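First the structure, in the form of structure tokens, and then the observations on it.
2 protein chains.
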Amino acid sequence: MRTDLARFFNPRSIAIIGASQDTVSISGQPLKHLLSHKYPGELYPVNPKYPEVLGVKCYPSLAALPKAPDLALVLVNASRVADALRQCGKLGVPYAIVFSSGFSETGGKGIAMQRELAEIAAEFNIGIIGPNCQGMINPAGRVYAGFGSIFGADYEPGRISMVSQSGGFGFSVMNLAALDGGLHFRQMVTTGNEIGVSSLDFINYFIDDEHTDIIACYIEGLKDANRLISIGNRALEKKKPIFAWKVGNTEQGQKAAASHTANLGGAMALYKAAFHQSGIIQVDDIQDVIDYSRAFQCGKLPAGNRVAIITISGGAGILMTDECVARGMQVPQVTAATTDKLRDIVPSFGSLVNPIDVTAAIFSDLTMISRTLNAVLDDPNVDSIAMINASLMGDLAASVAREIVAVAKHSKKPIFLTWSARDSVATEAYAMLDAEKIPHYKSPVRCGRALSALSYYSQALRRADASRTVPVPLITSTDARDMLAGKTDDITEFAAKQVLARYGIGVTIEELATSREQAVAHAKRIGYPVVLKVQSPDIPHKTEAKAVRLGLASDADVADAYDEIVRNAKAYKRDARVDGVLVQEMVTGGIEAILGVTNDPLFGPAVMFGLGGIFAEVLKDVAFRIAPVSKAGALEMIAEIKGYAVLTGVRGAAHADIDALADAIVRLSALAIDLKDRVAELDINPLFVLPKGKGVKAGDALIKPLSAVDPAQG
Amino acid sequence: MRTDLARFFNPRSIAIIGASQDTVSISGQPLKHLLSHKYPGELYPVNPKYPEVLGVKCYPSLAALPKAPDLALVLVNASRVADALRQCGKLGVPYAIVFSSGFSETGGKGIAMQRELAEIAAEFNIGIIGPNCQGMINPAGRVYAGFGSIFGADYEPGRISMVSQSGGFGFSVMNLAALDGGLHFRQMVTTGNEIGVSSLDFINYFIDDEHTDIIACYIEGLKDANRLISIGNRALEKKKPIFAWKVGNTEQGQKAAASHTANLGGAMALYKAAFHQSGIIQVDDIQDVIDYSRAFQCGKLPAGNRVAIITISGGAGILMTDECVARGMQVPQVTAATTDKLRDIVPSFGSLVNPIDVTAAIFSDLTMISRTLNAVLDDPNVDSIAMINASLMGDLAASVAREIVAVAKHSKKPIFLTWSARDSVATEAYAMLDAEKIPHYKSPVRCGRALSALSYYSQALRRADASRTVPVPLITSTDARDMLAGKTDDITEFAAKQVLARYGIGVTIEELATSREQAVAHAKRIGYPVVLKVQSPDIPHKTEAKAVRLGLASDADVADAYDEIVRNAKAYKRDARVDGVLVQEMVTGGIEAILGVTNDPLFGPAVMFGLGGIFAEVLKDVAFRIAPVSKAGALEMIAEIKGYAVLTGVRGAAHADIDALADAIVRLSALAIDLKDRVAELDINPLFVLPKGKGVKAGDALIKPLSAVDPAQG
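Note that the protein sequences, when read in sequence, are chains A and B. So the first sequence is numbered by my numbering: it starts at 45 and just counts up by one. So the second sequence is numbered by my numbering: it starts at 45 and just counts up by one.
Right, here's the structure in full:
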């Protein structure tokens with residue numbers, strides 16, 4: 045597929061297939077908008093019905109064009125799109141935007157029709173955008189290739205580029221952000237059903253586009269989600285933040301997303317994991333895009349997530365503290381040295397505790413502002429400053445802004461401002477701040493949120509740097525690959541744990557017995573007490589079948605238990621294949637965790653961690669990461685779950701071996717990658733996490749081979 | 045204390061004590077602002093230094109005034125405030141705003157100085173506002189009695205009244221909401237350290253103020269929080285919504301709140317409970333106040349929380365679905381009859397599944413809009429409609445708005461709109477919507493949030509109506525009161541459960557034994573198996589002392605266990621007073637829950653519910669309510685916790701007796717009220733919740749008498 049999208053955004057000539065003289069209709073609008081915005085290239089309306097449209101010579105067919113256009117806009121009825129595309133292909137048209145609806149979003153026949161379009165695009169190497177989309181705007185190139193009322197406005201070119209799977213929503217963001225929010229766009233493109241050039245293709249292009257500093261996207265579902273992390277990391281390397289709306293966050297929203305674009309919704313948990321792993325910043329509303337863009341335009345990144353809040357309004361300081369802390373920042377105490385410096389400046393009815401309440405008295409002597417800011421900037425506990433100036437306006441506002449600008453010029457630490465004066469009464473002050481790119485917001489909540497986004501991004505950058513230094517270890521095992529080759533049935537405990545062991549994941553000591561006598565012999569070697577469990581591919585729920593016995597302490601007990609288990613297994617399921625009875629060391633004193641692998645059709649292999657029992661089952665308190673996972677990433681996963689305190693010791697319980705647990709997650713993620721063509725799902729449940737220094741042991745495990753899930757993928 | 049606040053907001057005369065000629069200083073500003081806004085009453089600057097200030101005759105002292113003013117503004121230094129207030133008192137001044145800082149917020153001497161002000165206010169019955177506050181604005185009365193740059197602007201009178209504990213933040217809200225958001229205020233007052241007239245006094249006044257429709261407040265902490273629910277419920281009765289910022293939501297924010305106003309922060313959980321119980325709507329940012337006010341101004345309340353979303357942008361529809369569902373609304377399917385009607389209107393590439401994607405084709409024939417809206421309004425599954433019109437602008441927008449207005453006029457169900465066109469390109473459309481008070485928002489997220497707020501409020505109203513029909517039962521027990529009279533030590537299990545039993549709360553069958561023989565006799569009567577536990581006020585952690593034995597099944601076991609427990613108890617704590625050994629039925633098959641009472645110094649008695657083990661301990665997964673709690677309220681509490689599924693049966697476990705559990709919560713809340721002068725804290729841990737129909741049984745209980753916590757309150 046074509047990826048040289050510069051030509052798409054800057055076509056030298058455009059054919060409008062199905063151009064109409066009715067400028068209100070969808071097929072009449074693109075030509076009208078291209079003309080009214082003075083598109084500088086050549087325009088070729090194509091419609092056998094007209095000799096000209098809007099004063100532009102109209103051609104009866106694509107074949108009649110004087111030369112192949114760089115871009116075709118396809119506006120004909122769904123049933124005629126395939127034919128139009130084939131003609132484009134024959135002519136060598138590199139890009140086509142298909143506006144027409146009536147494809148996969150309608151189900152039924154539309155799905156087959158859409159498949160045909162994809163086949164034509166592949167055959168002729170056409171970069172298709174759409175179908176069922178609303179077009180593209182490149183203000184700098186005066187390319188307004190689409191329909192909808194917002195195409196009537198003129199947009200100033202800027203440095204944010206956006207791709208949206210929803211036309212209506214995407215263009216409303218551009219319109220409001222640009223004209224009311226002062227945030228200008230380099231490019232805006234909508235992708236609809238996205239059968240050709242995908243959202244990630246566009247993001248990938250924006251990363252290299254020298255005119256783009258910030259990337260935004262609206263995502264319902266990505267068919268190529270497995271590229272998300274690598275593209276996200278490339279954006280991190282190029283220091284281009286990505287803001288993402290991912291909709292379908294609630295179960296019902298997810299359903300709506302599925303019905304809307306006929307995309308696979310993908311599990312929100314995996315999206316969230318992928319965003320986290322690649323520093324992609326989730327946004328909720330249009331205001332976020334405007335506010336966060338302003339934050340990133342300051343050009344400074346905090347070295348850590350510790351903010352000092354300096355305020356003349358105690359109330360606003362508390363609001364901002366709440367917002368920053370809720371979003372993962374710290375509002376730490378400043379050092380004693382800083383406190384001493386502040387004591388000379390702040391009046392006694394202020395507060396020297398962060399949030400630092402300097403009171404409005406600070407404005408009575410302007411040098412106090414620079415003294416305060418410098419004292420706090422010098423503090424080693426502080427990575428950024430958020431200053432709250434309430435509604436300060438007029439000349440005093442201008443003087444205060446001048447002081448702040450003078451300090452900020454020489455500071456590497458970002459300074460953010462909450463300043464509630466309306467634009468018209470602090471014009472001079474705001475102009476000075478804008479010139480120096482000092483972010484300022486009308487409310488403490490918006491300011492705190494934007495600073496937190498910058499801080500989150502900066503943390504992702506540090507994480508990415510660290511992971512380049514310490515690459516994630518890969519493990520390969522031909523043994524394990526061979527063990528799983530050709531399997532279609534579930535791989536049960538004994539065999540599954542042998543696979544785990546190949547990747548260095550701790551498992552219980554155990555042996556398979558096929559007779560009473562062998563069971564006793566194994567038990568003696570392993571040491572009492574032991575556990576006995578049936579091994580059968582036909583009995584996944586061993587406890588339910590009464591085919592598990594715990595804490596067996598003598599030869600006689602083991603012998604009896606052996607018989608009982610085989611008997612119960614047969615009683616539970618008459619024709620169950622019984623491989624034998626597993627004799628296993630009895631693990632005590634550990635905390636039960638769950639580790640899992642899911643080989644997601646969209647994202648590829650991902651790992652899951654949670655605590656056992658109600659944590660995973662009732663509370664869904666689990667953490668996901670797309671594989672591979674580094675040691676640092678695994679530690680983060682572990683700390684992320686709400687039940688984390690269970691591992692660090694509640695009620696005097698021992699601190700669990702979190703280091704070994706993290707190591708097991710890393711190894712499991714390596715397994716997931718090594719066996720990604722063999723394993724559909726893998727569950728370790730329970731994984732016993734023993735006290736610190738004692739490691740972890742898989743107590744039970746189950747592997748669903750890939751072919752068992754979908755033979756086509758096997 | 046004075047509560048006739050109409051006179052405070054509409055004073056006929058104002059004395060400005062400490063008026064200054066320096067109009068930039070805090071003490072110089074109030075007179076300047078009162079004059080520039082043409083305050084219609086009499087003004088009396090008081091300052092011995094000047095014969096006149098700003099052309100107004102100045103008096104050397106309060107005593108020299110021609111008559112007592114209705115309101116005094118106190119602007120003198122903290123050390124001279126007490127004297128000024130005393131003079132006010134002698135003169136019979138009913139209200140004083142104390143602007144001066146330097147009181148409890150500075151700690152130390154300031155606390156004592158503040159106490160003195162409160163005493164003077166009480167002695168002379170002065171309604172004090174402040175100290176450490178920023179004043180008040182009543183635009184209709186042209187009373188601009190305060191300082192700060194926002195006092196320079198002129199405000200149009202409106203129908204929202206606000207009280208704020210933070211001056212800087214409160215006035216910035218008013219300024220931005222009024223001048224940028226078109227939301228106009230009836231009154232705005234700030235209360236600072238709030239030693240006199242409290243935020244709740246002001247809210248109470250606003251409820252009865254015929255010029256106020258909507259009330260807003262900014263709260264750091266309420267010293268009279270126990271009035272919150274009754275005042276909230278009075279507001280519900282009068283149908284006046286209250287929007288509340290409660291800051292200090294995070295632990296750190298809470299700390300900041302405490303240091304800022306020296307108010308007791310109060311536990312956020314109790315505030316949230318009280319808000320929920322009285323329909324108070326929490327807001328996060330200024331935009332919420334503007335958006336929610338617009339929602340309430342529509343004058344229609346949804347009869348339930350089910351919304352139908354009608355959209356021309358699939359993407360925006362999903363965003364709104366996410367937002368509504370996340371905020372507790374339902375986006376249900378419409379009936380088959382409605383679907384049939386819509387099938388005739390919506391094109392095949394649209395979607396008939398809620399969110400209903402009607403596509404932009406709906407605008408090609410305007411009658412389709414009214415047909416769609418009417419079809420959905422008629423649906424019995426739908427309580428409100430949210431329609432999304434993307435960026436529709438100009439003449440078409442006006443025609444669409446006309447259709448919507450025509451339908452909305454005759455609908456009792458609220459219709460909300462997301463309409464992203466900028467104000468300047470949909471002027472006519474927006475004017476029509478505004479005239480009909482149809483709420484419209486630029487983004488689907490803001491629209492969904494505002495509709496959810498309206499829905500939450502409407503649900504609170506229904507809850508309040510229901511609770512008037514079925515009043516919460518009160519239970520009194522003189523027995524229980526007597527049992528707790530004069531107690532200072534913890535009341536341990538046996539006695540505590542006897543108290544519970546007096547209120548009809550199920551407890552285990554048990555007897556206290558003081559000898560081996562008695563223990564065996566009790567066990568025989570109760571029936572095997574039994575549990576034995578030491579009873580000692582000196583051993584709160586019985587298990588730790590190895591003074592509990594479970595599952596005793598024979599006379600001999602009981603006899604031995606008796607001796608062992610007494611021995612272990614003495615070994616654990618040599619001089620422990622041992623009341624005896626409790627012989628108790630052994631409860632099996634129940635789910636362990638925790639019930640508690642906390643007699644909060646601010647809120648009074650509150651009840652807590654959670655599940656046992658890690659739910660409460662690690663996850664803090666508990667629900668609070670201020671007592672009394674109705675049966676419906678108790679059921680809501682139970683369903684609110686994240687672990688709720690444990691009670692409804694996970695993995696084939698039995699459905700627990702939720703009805704009996706709710707009944708126990710109601711009874712416990714009645715106990716909490718009946719014994720509020722006796723009980724500081726009460727814990728039932730565990731409460732065994734037996735399978736459906738089998739009730740609940742308190743397995744252990746502990747009461748901390750009130751005098752044990754604070755003798756002053758006893």
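Backbone N, C-alpha and C define an ideal beta-carbon position, used for all residues, glycine too. All of these numbers come straight from a predicted model, not from anything done at the bench.
Residue i: contacting residues in chain B (beta-carbon distance under 9 Å)
i                : result
Asp422 (chain A) : Ordered by position in chain B, no residue passes the 9 Å Cβ test against Asp422 (chain A), which lies about 23 Å from the chain.
Glu759 (chain A) : Residue 759 (chain A) lies beyond the residue range present for chain A, which begins at 45 and ends at 758; the question has no answer from this structure.
Gly292 (chain A) : Ile362, Thr365 and Asp366
Ser123 (chain A) : None at all; the shortest Cβ gap to chain B is about 13 Å.
Partners in chain A for residue i, counting only beta-carbon separations shorter than 7 Å
i                : result
Gly212 (chain B) : Ile356, Ser357, Gly359, Ala360 and Ala434
Gln209 (chain B) : Gly359
Lys748 (chain B) : What Lys748 (chain B) touches in chain A: nothing, since even the nearest Cβ is about 20 Å away.
Leu461 (chain B) : Residues of chain A passing the Cβ test: none, with the nearest at roughly 13 Å.
Leu223 (chain B) : Arg466
Phe538 (chain B) : Chain A residues near Phe538 (chain B): none, gap ~25 Å exceeds 7 Å.
Residue i and residue j closer than 8 Å at C-beta
i                : j                : result
Gly152 (chain B) : Ala122 (chain B) : no
Pro488 (chain B) : Ser428 (chain B) : no
Glu629 (chain A) : Lys577 (chain A) : no
Ile58 (chain B)  : Pro113 (chain B) : yes
Ala524 (chain A) : Leu719 (chain A) : yes
Gly361 (chain B) : Ile353 (chain B) : yes
Ser210 (chain A) : Ser435 (chain B) : no
Ala452 (chain B) : Ile413 (chain B) : no
Sheet register partners of residue i (DSSP bridge)
i                : result
Cys261 (chain A) : A:Val207 and A:Ala288
Asn643 (chain B) : B:Pro649
Glu554 (chain A) : A:Gln628
Gln231 (chain B) : B:Ser205
Met431 (chain A) : A:Ile354 and A:Leu461
Leu117 (chain A) : A:Ile60 and A:Ile141
His484 (chain B) : B:Leu461
Leu576 (chain B) : B:Arg593 and B:Val627
Leu746 (chain A) : A:Asp727
Gly76 (chain B)  : Looking at the sequence itself, residue 76 (chain B) is Lys, so the reference to Gly does not match. Bridge partners of Lys76 (chain B): none, in fact.
Contact set between residue i and chain A, taken where Cβ atoms lie within less than 9 Å
i                : result
Thr587 (chain B) : Neighbours of Thr587 (chain B) on chain A: none; closest Cβ ~11 Å, over 9 Å.
Check: residue i C-beta below 7 Å from any heavy atom of the ligand SAH
i                : result
Gly236 (chain B) : Questions concerning the ligand SAH fall outside what the structure shown contains, since it holds no ligand whatsoever.
Contact list for residue i against chain B, beta-carbon separation under 7 Å
i                : result
Met437 (chain A) : Ser193
Ser521 (chain A) : Ordered by position in chain B, no residue passes the 7 Å Cβ test against Ser521 (chain A), which lies about 35 Å from the chain.
Which residues of the region 671-694 of chain B have a Cβ closer than 7 Å to any Cβ of chain A? Give them in chain order. Lys686, Gly687, Ala689, Val690 and Val694
Anything in the region 239-270 of chain A with a Cβ closer than 8 Å to a Cβ of chain B? List those residues in chain order, please. Tyr262 and Glu264
Report the residues of the region 326-359 of chain B with a CB closer than 9 Å to any CB of chain A, ordered along the chain. Asp328, Asp329, Ile330, Gln331, Ile353, Thr355, Ile356, Ser357, Gly358 and Gly359
With 7 Å as the limit, tell me which residues of the region 125-148 of chain B have their beta carbon closer than that to any beta carbon of chain A; keep them in chain order. Ser145 and Gly146
Cβ pair count under 8 Å reaching 3, the region 80-99 of chain A against the region 148-165 of chain A: no
Using a beta-carbon distance cut-off of less than 7 Å, what residues from the region 147-173 of chain B approach chain A? Glu149 and Thr150
Cβ-based contacts, 8 Å cut-off: residues of the region 486-499 of chain A near chain B: Lys486, Ser487, Pro488, Val489 and Arg490
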